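Novice: So that we are looking at the same thing, I have put the structure below in structure tokens.
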Amino acid sequence: MASRFWGQGDSDSEEEEQEIESEAGSESEDEGGDAGGRAGNQNRYLKVTNASDSDESDSGQRVIRSLKDKRNEELKITVDQMRNAMKINDWVNLQESFEKLNKQLEKVVRVNESTTLPNMYIKALVLLEDFLAEALANKEAKKKMSSSNAKALNAVKQKLKKNNKQYENLIQECREHPERFEDDDVEGKDVDGEDDDEDSDADIEDPEKIAMSESEEEGDDDEEGDQDGGAWEKKLSKKDKLMDKQFLKDPSEITWDIVDKKLKEIVASRGKKGIGRIERVEQLTFLTRVAKTPAQKLEILFHVISAQFDVNPSLLGHMPINVWKKCVNNMLLVLDILQQYPNIVVDTSVEPDEKETQKGADYDGKIHVTGDLVAFLERLDSEFFKSLQCTDPYTKDYVQRLRDEPLFLVVAQNVQDYLERVGNLKSAAKIALRRVELVYYKPQEVYYAMRKLAEQAEESGEVEDAEAGEEHQIADDNRGPPPFVVIPEVVPRKPTFPESSRGLMDLLMSLIYKYGDERTKARAMLCDIYHHAISDEFSVARDLLLMSHLQDGVQLMDISSQILFNRVMAQLGLGAFRAGLIIEAHGCLSELYATGRVKELLAQGVQQSRYHEKTPEQERLERRRQMPYHMHINLELLEATHLICAMLIEVPNMAASSYDRRKSMNRTFRRLLEISERQTFVGPPENVRDHVMAATRALSKGDYQKAFDVINSLEIWKLLRNKEHVLEMLKLKIKEEALRTYLFSYSSCYESLSLGQLTTMFDLSEQQAHSIVSKMMMHDELHASWDQPTKCIIFLNVDQNRLQGLLFQMADKLSVLVESNERAYEAKTGGTLEGAPPRRRGDGQDSSNMGKWQENFVSSQGRQGGGRSGYSGRGGGSGRGGGYQRDNYQRDNRAGQGSRGGYGGSRFQDGRSRTQSGSMARGDGGARMVSLNRAGRG
Amino acid sequence: MAEHDLTALMARHMDCHLVFPLLEFLQERQLYADEEILEAKIRLLGGTNMVDYAMDIHKSLHATEDVPEDMVKRRTEVVSRLRALEEAAAPIVSFLQSPQLVQELKPDKQYNIHMLQERFQIGPDQIEALYQYAKFQFDCGNYSGAADYLYQYRALCTNSEKSLSALWGKLAAEILMQNWDVALEELNRLKEIIDSKNFSSPLNQLQNRIWLMHWSLFIFFNHENGRNGIIDLFFQDRYLNAIQTNAHHLLRYLATAVVVNKRRRNMLKELIKVIQQEQHDYKDPITEFLECLYVNYDFDGAQQKLMECEQVILNDPFLGKHIVEGNFITVPLRDEFLENARLFIFETYCRIHRCIDIGMLAQKLNMNYDEAELWIMNLVRNSKLDAKIDSVSGTLIMTTNHVDIHEQIIESLKNLNTRTHLLAKNIVEPAQAAQQAAR
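These protein sequence lines map, in sequence, to chains A and B.
Per numbering that gives the first Met the number 0, the very first residue in the first sequence carries number 0; after that it's consecutive.
Per numbering that gives the first Met the number 0, the very first residue in the second sequence carries number 0; after that it's consecutive.
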């Protein structure tokens, strides 16, 4: 009732209020016995009677205590001033008040003739401290402060720190049990202060007892009621024994009404000051035992669970682990009830009847109880996630915590089963997603381990439970009276896992695909792809990704889904690498590394940015989306994979195009290479990057053995499941690329080269070498041909010298220029040039492609402004040509990264052709680029 | 060779009736035990009304004269149902059987329906009965009747769903009657509808496309212009996507068609791209052959695969169609395939060689030396091959013609000139004309 007034903290206005209340209360006095919405009123009334009681008793002493009163009054006024100052953020005033407060304190203590400090003072300290912390945290507001204000703030900060040291214990106590201090506040006027908690408790909880006595033991006189109430009250606040006694005494006397009333009251107390969160949970838990009907028990259980979630109010922290575990047990209990009494329906839509839960177990109609299992479960999951986030991954706690995973899985499984049974498949899909998200990142081995753990849990379960602070549970059971509604454990307490993680995933996936909403489906799909990728099914994963078109819409998804997408891409890259698909792996990873913020993209740590300060909110947000350690993708492995792929692609590429540097596949790699080339001294490689750079140097000379040795010496390979296999593959790839690089670089020095020599040089089989060389010949990369009888490569000396190479480039650029001129003309006149020769490059262009072209052209035109005449025009033009090519190249690159080339986009377009033209065009851009170069050279 | 048999995969996408020809073929090739195939046939017939046929098979399978009870029962059921349907459809059937009356039908559907209703008391119910009747006829194996009725039905039907399934029925009937020309027409009609219709889900449309492709195989490998048709159809983006999504095995037919078709050489590149993408999902000697030849340039491997290809073709119901000429049985497709494949190998081989030993070549081409020399000579003479035979050393020497770099540069710059000139002319002339006009 009083929360409003307490909130304002004007304890001196209390008396007035009480008077007002008492009037209001008296009206409702007659109806006092009513349950439900009346409870509040009644409370008030009762409270008033109580308060007046104490008033009466006080009145006799008032004269005597006038001095103390005065002092106390002063103190209170000061505190009020402080509060006001806080409201308007006036630190100057606050500083003064604080000093005054300290002075007054001395007086008060002297007058009170006691060593204890007034609770009011401690409370003020606490308040001040909190406010200070808040002010300090809010940096922006701090900046805005006037200088005097800021100065005062600092002064207060220091003083408070010094001052608070003396009262550390008290403050601590106050924080833990604010109600105690609150209570004292009420009685602040009796400076006796030393009053027992009991009394004060009794005062507050009096309404309770009277309500009880009225409704329950009508015949009893007040005193007895008092006693009872006191007993009850105490028990609720941790003095259970008395309470027990009371209930043990007369279990039959407890009716549905009492329990319901009590429940409403406790629920109404939510968020009030002075009610310990944990206490609330305990109170409610007790109520579950005395609940009269299953439906009521269920209702109370829901309240217990939400109260348990309330235990930790902050977004950053997680709920205590033992509370979490109890919460899990409660969920299971809920499910037990639901299973046992199928006529109880849980939903949020129907507003249940006032007396709905009164219907007993034998009632055969539908009983509606408000609650949302899905929300509970999701909260449970996120609490679990958070607790893992907050725990140091290198401690035993973390492992312990991880072992709780089956616990959660069992609840999730049961909830899902229940929802499926009820027919709420949409929600079931949501739950399924939660389960998927716990499983998807586990490779088969880890999955087996979890499965084994879950199976063992039965034997060790008891032990572990006891260990893990389950004594509460057991103790509770022993202490409390036997619950009125006994619910047998019908729901399985052990998760059942299919043989393989794949099986589990498939099971859940099919449910989600059928009934999930868009986001659920998208996330589930990503998880599925991830799982395929880690189980070495790259092609399946790739097809799934392409079919889903997730990469098109990922920008629009929420951040955590984007992170998931990044993780998927990383795993796809690793999967492709393990499968020996270097180009695909490179495509997946290079985008991830292009920004240089891998950690951030994968949510595996925060990267400090040099140029950009983050606000505390941003930082907090970021921290909240971090992945727990056990879900991390090894960054070193990822980096090594990326760089090695880049090396294998880039080194021959560099050797092939010694004239034009711009044709680079991977900028990150090029940049790193340049940095390492600039170094004066090259030490032995230390990190992954150094290793790959050393290998690159060796490879570009065609020294495959050294390149492989350097890479082989990396530590991280031991993380791979089939290490030998991968290294074997890698060695072969390195040999192949070394051969290609060698031929690119040195072919001009040879007239002929025998196949035998090549095979010995690069330790390749004749067939392999032949195939590689043939491929190069076919693709016009190597101007040579075989001499079959002697098995020799005969080189044709058609290599261009530098001048010629530049001329070719110029020709290319000029033709681009001419073409854009023609297009400009066409755009202007609307007609085609008559008699113009067919464009060399225009062959395979579709209309969307033209669109791109024009767009490109128009934009560059805009940029160029009116540079039309003479030399400047031409210069600008050629620059533009270059720009175009680069653009084109990037586009090609991007297409490759996103969907691996032209084919990616255009696959699986059936009926969903939104993106078709776009990606087709991209692909074409790439194809055009290639054909252009070839036309130029050969 | 049963491992490359696709019948099981294909049957999934076909009508019961269409599977019979496949099973017949398998029976002939004796890839599987006779009993198995007969069993399969009986099971297949369970889905149709051809009970008599099922009885016959049953007799031959178990070598008895007894027929299981349920088959007899089913037969009477079928007959009675046939009666009922016949009755229901009688008015419209009799109407359609008189040519004069049919003359009165006009292209306007609404008019027809109205007219029928007015003058002959044939309402939508009767028209519906016609459809049921036709379906039943089809199930009984009376394809020509079914095809006729369905044709008429389509002229009168207003429900697009029904009309579509009638079209499917018509197509199946025409295929089974081996009227390839008509079937091709129906196929194209159906394709248009599938492509233009709004399906409830993309998945549905995909499924329809896949069916269409499977059914079309009958037509394409029998119709004289089918080899172009299959390439045209399958290479359409949507159909290619459908293949890649859910019917990888169709790549075999596409690959064969491309290899055999000389004029569609340009599709080869695209085909290989697709094959490479799908190599994890589908693989058979024909696709592997192309992969060996055009991805890995592994000529020995290609040779090896070519041998397997022959078996695959012979055992495939569509590819292995044989023609009896007098005493000879030829499989035309096999011969064409081998010939073309050989040419492929040879061409590629020549492109990257300067000097080839004819003896080795002959061995690779599965010919003897003289044959090979003759073959090469023919190629050279037809100027398909730019090479000379050195008969002393027994080698083939390719003449390489490399364009001089200067020429290349000049070539690439030459047309710039004309193009710019043209452009300038086009811009300047109107301007001059305008000036003159102003003067």
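For glycine and all other residues, C-beta sits at the position ideal for the given N, C-alpha and C.
Please read all numbers here as calculations on a predicted model, not as lab measurements.
Under 7 Å between C-beta atoms, does Leu665 (chain A) make it to chain B?
Specialist: Taking the first residue of the first sequence as position 1, residue 665 (chain A) is located at position 666. Sequence inspection shows Asn at residue 665 (chain A); the Leu mentioned does not correspond to that position. No, its Cβ sits nowhere closer than 7 Å to a Cβ of chain B.
Novice: Is His397 (chain B) helix, strand or coil when you go by DSSP?
Specialist: As a working mapping, residue 397 (chain B) is identified with position 398 in the second sequence. His is not the amino acid found at residue 397 (chain B); the sequence shown has Met there. In the structure shown, Met397 (chain B) sits in a strand (DSSP, three-state: E or B).
Novice: Since Met366 (chain B) meets chain A, which of its residues come closer than 9 Å, beta carbon to beta carbon?
Specialist: For the purposes of this step, residue 366 (chain B) is taken as the residue at position 367 of the second sequence. By Cβ distance, chain A contributes nothing, its closest Cβ being about 17 Å from Met366 (chain B), past 9 Å.
Novice: Hey, does Gly872 (chain A) have any beta-carbon neighbour from chain B nearer than 7 Å?
Specialist: Numbered from 1 along the first sequence, position 873 holds the residue referred to as residue 872 (chain A). With a pLDDT of 31 at Gly872 (chain A), under the threshold of 50, the predicted position of this residue should be treated as unreliable, though the coordinate-derived value follows. False, the Cβ-Cβ gap to chain B never drops below 7 Å.
Novice: Based on Cα-Cα distance, which residue from B:Gly168, B:Glu338, B:Arg237 and B:Ala39 lies nearest to Cys139 (chain B)?
Specialist: For this step, residue 139 (chain B) is matched to residue 140 along the second sequence. Comparing Cα-Cα distances from Cys139 (chain B) to each of B:Gly168, B:Glu338, B:Arg237 and B:Ala39, the minimum goes to B:Gly168.
Novice: Determine, for Leu813 (chain A), whether the minimum Cβ-Cβ distance to residues of chain B falls below 7 Å.
Specialist: Counted from its first residue, the first sequence places residue 813 (chain A) at position 814. Chain B, which has a Cβ nearer than 7 Å to the Cβ of Leu813 (chain A), makes this yes.
Novice: Answer yes or no: does any C-beta atom of chain B fall closer than 7 Å to that of Lys774 (chain A)?
Specialist: Here residue 774 (chain A) refers to the residue found at position 775 when the first sequence is read from its first residue. True, the Cβ-Cβ gap to chain B drops below 7 Å.
Novice: To the nearest angstrom, how far is the alpha carbon of Arg622 (chain A) from that of Ile632 (chain A)?
Specialist: On the first sequence, residue 622 (chain A) is found 623 positions in, with the first residue counted as 1. On the first sequence, residue 632 (chain A) is found 633 positions in, with the first residue counted as 1. Near 17 Å, if we compare the C-alpha coordinates of Ile632 (chain A) and Arg622 (chain A).
Novice: Is DSSP giving Asp387 (chain B) helix, strand or coil here?
Specialist: Taking the first residue of the second sequence as 1, we reach residue 387 (chain B) at position 388. Looking at the sequence provided, one finds Lys at residue 387 (chain B) rather than Asp. In the structure shown, Lys387 (chain B) sits in a strand (DSSP, three-state: E or B).
Novice: Tell me, please, whether the region 676 to 683 of chain A touches the region 726 to 734 of chain A by the rule of three or more beta-carbon pairs shorter than 8 Å.
Specialist: Touching, no, given that fewer than three Cβ pairs across the two stretches are closer than 8 Å.
Novice: If Ile581 (chain A) sits next to Ile648 (chain A), beta carbons under 8 Å apart, how far is it from one beta carbon to the other, in whole angstroms?
Specialist: Position 582 of the first sequence, counted from the start, is the residue given in the question as residue 581 (chain A). Position 649 of the first sequence, counted from the start, is the residue given in the question as residue 648 (chain A). Indeed, because the Cβ distance is near 7 Å, the residues count as touching under 8 Å.
Novice: Report back the beta-carbon spacing between Pro98 (chain B) and Phe119 (chain B) to the nearest angstrom; my notes put them in contact at under 8 Å.
Specialist: Here residue 98 (chain B) refers to the residue found at position 99 of the second sequence. Here residue 119 (chain B) refers to the residue found at position 120 of the second sequence. Not confirmed; about 15 Å, so no contact.
Novice: Using a Cβ-Cβ cutoff of 8 Å, what residues of the region 338 to 356 of chain B are near chain A? List them in chain order.
Specialist: From the region 338 to 356 of chain B, only Thr347, Arg350, Ile351, His352, Arg353, Cys354, Ile355 and Asp356 have a Cβ closer than 8 Å to chain A.
Novice: Return the first residue and the last residue of the alpha helix (DSSP H) that Glu821 (chain A) is part of.
Specialist: For the purposes of this step, residue 821 (chain A) is taken as residue 822 along the first sequence, with counting starting at 1. Taken as a continuous stretch (DSSP letters only), the alpha helix (DSSP H) holding Glu821 (chain A) covers Arg801 to Thr828.
Novice: Taking its Cβ as the centre, do 16 or more other Cβ atoms sit within 10 Å of Pro615 (chain A), making it buried, or is it exposed?
Specialist: Start at 1 with the first residue of the first sequence, and residue 615 (chain A) comes out as number 616. Pro615 (chain A) comes out exposed.
Novice: For chain B, is any of its Cβ atoms less than 7 Å away from the one on Asp786 (chain A)?
Specialist: In the first sequence, the residue the question calls residue 786 (chain A) occupies position 787. It does; some Cβ of chain B falls within 7 Å.
Novice: So for Cys156 (chain B), helix, strand or coil by DSSP?
Specialist: The residue you call residue 156 (chain B) lines up with position 157 of the second sequence. Reduced to three states, the DSSP call for Cys156 (chain B) is coil.
Novice: Indicate the three-state DSSP secondary structure (helix, strand or coil) for Val289 (chain A) in the structure shown.
Specialist: Within the first sequence, the letter at position 290 stands for residue 289 (chain A). Three-state DSSP puts Val289 (chain A) in a helix.
Novice: At which residues does the beta strand (DSSP E) containing Val438 (chain A) begin and terminate?
Specialist: In the first sequence, the residue the question calls residue 438 (chain A) occupies position 439. Here Val438 (chain A) belongs to no beta strand (DSSP E); instead the alpha helix (DSSP H) covers Leu424 to Val438.
Novice: Suppose you measure from the CA of Thr398 (chain B) to the CA of Asp385 (chain B); what does that come to, to the nearest Å?
Specialist: Residue 398 (chain B) sits at position 399 when you count from the first residue of the second sequence. Residue 385 (chain B) sits at position 386 when you count from the first residue of the second sequence. Near 6 Å, if we compare the C-alpha coordinates of Asp385 (chain B) and Thr398 (chain B).
Novice: Do we get a CB-CB distance below 7 Å when we pair Tyr296 (chain B) with the residues of chain A?
Specialist: What you label residue 296 (chain B) is simply residue 297 of the second sequence in a count that begins at 1. True, the Cβ-Cβ gap to chain A drops below 7 Å.
Novice: Taking the DSSP output, what are the residues bridged to His352 (chain B)?
Specialist: Along the second sequence, one-based indexing puts residue 352 (chain B) at 353. In the DSSP output, where bridge partners are listed per residue, His352 (chain B) has A:Trp785.
Novice: I'd like to check one pair, Gly502 (chain A) with Ala940 (chain A): are the Cβ atoms closer than 7 Å?
Specialist: Residue 940 (chain A) lies beyond the stretch modelled for chain A, which goes from 0 to 937, so this question has no answer here.
Novice: Cβ atoms of Val687 (chain A) and Ala639 (chain A): under 7 Å apart, would you say?
Specialist: Residue mapping note: residue 639 (chain A) aligns to position 640 of the first sequence, counting from 1. Residue mapping note: residue 687 (chain A) aligns to position 688 of the first sequence, counting from 1. Yes, these two residues count as a Cβ contact at 7 Å.
Novice: Would you mind stating whether Thr419 (chain B) and Val691 (chain A) have Cβ atoms separated by less than 7 Å?
Specialist: Locating residue 419 (chain B) in the second sequence gives position 420, where the first residue counts as 1. Locating residue 691 (chain A) in the first sequence gives position 692, where the first residue counts as 1. Not in contact: Thr419 (chain B) and Val691 (chain A) (Cβ atoms no closer than 7 Å).
Novice: Give a yes or no on whether the C-beta atoms belonging to Leu813 (chain A) and Leu415 (chain B) are separated by under 7 Å.
Specialist: As a position in the first sequence, residue 813 (chain A) is number 814, starting the count at 1. As a position in the second sequence, residue 415 (chain B) is number 416, starting the count at 1. It is a contact, given that the beta carbons lie within the stated cut-off.
Novice: Going by C-alpha to C-alpha distance, which of A:Asp542, A:Arg541 and A:Val597 sits closest to Gln561 (chain A)?
Specialist: Reading the first sequence from its first residue, position 562 is the one you call residue 561 (chain A). Ranking A:Asp542, A:Arg541 and A:Val597 by Cα distance to Gln561 (chain A) puts A:Val597 first.
Novice: Taking the straight line between their C-alpha atoms, what separation do you get for Lys75 (chain A) and Leu159 (chain A)?
Specialist: Reading the first sequence from its first residue, position 76 is the one you call residue 75 (chain A). Reading the first sequence from its first residue, position 160 is the one you call residue 159 (chain A). About 19 Å.
Novice: Assign Phe761 (chain A) to one of three DSSP states: helix, strand, or coil.
Specialist: If you number the first sequence from 1, residue 761 (chain A) lands on position 762. Helix.
Novice: With a threshold of 7 Å on Cβ separation, who are the neighbours of Leu698 (chain A) within its own chain once the five nearest residues in sequence on each side are excluded?
Specialist: Within the first sequence, residue 698 (chain A) is the residue found at index 699, counting from 1. Result list for Leu698 (chain A): Met646, Val650, Ala706, Ile733, Glu736, Ala737 and Thr740, in chain order.
Novice: Is there a C-beta anywhere in chain A that falls below 7 Å from the one on Arg418 (chain B)?
Specialist: The residue you call residue 418 (chain B) lines up with position 419 of the second sequence. Answer yes: the Cβ-Cβ gap between Arg418 (chain B) and chain A drops below 7 Å somewhere.
Novice: Could you work out which residues of chain B lie near Met958 (chain A), taking near to mean beta carbons separated by less than 8 Å?
Specialist: Outside the modelled stretch of chain A, which goes from 0 to 937, sits residue 958 (chain A), for which no answer is possible.
Novice: Val280 (chain A) and Val258 (chain A) look like a contact to me (Cβ under 8 Å); what is the Cβ gap, rounded to whole Å?
Specialist: Indexing the first sequence from 1 puts residue 280 (chain A) at position 281. Indexing the first sequence from 1 puts residue 258 (chain A) at position 259. Actually they do not touch by this definition, with Cβ atoms about 17 Å apart.
Novice: Establish whether the CB of Leu379 (chain A) and some CB of chain B are separated by less than 7 Å.
Specialist: Taking the first residue of the first sequence as 1, we reach residue 379 (chain A) at position 380. Answer no: the Cβ-Cβ gap between Leu379 (chain A) and chain B never drops below 7 Å.
Novice: Give a yes or no on contact between the region 375 to 395 of chain A and the region 321 to 340 of chain A, applying the rule of three or more CB pairs nearer than 8 Å.
Specialist: Because the criterion of three Cβ pairs below 8 Å is met, the region 375 to 395 of chain A and the region 321 to 340 of chain A touch.
Novice: Looking only at its own chain, which residues have a Cβ that is under 7 Å from the Cβ of Glu185 (chain B), when we skip the five neighbours before and after it?
Specialist: Here the question's residue 185 (chain B) lines up with position 186 in the second sequence. Taken in chain order, the residues that qualify are Leu166, Lys169, Leu170 and Glu173.
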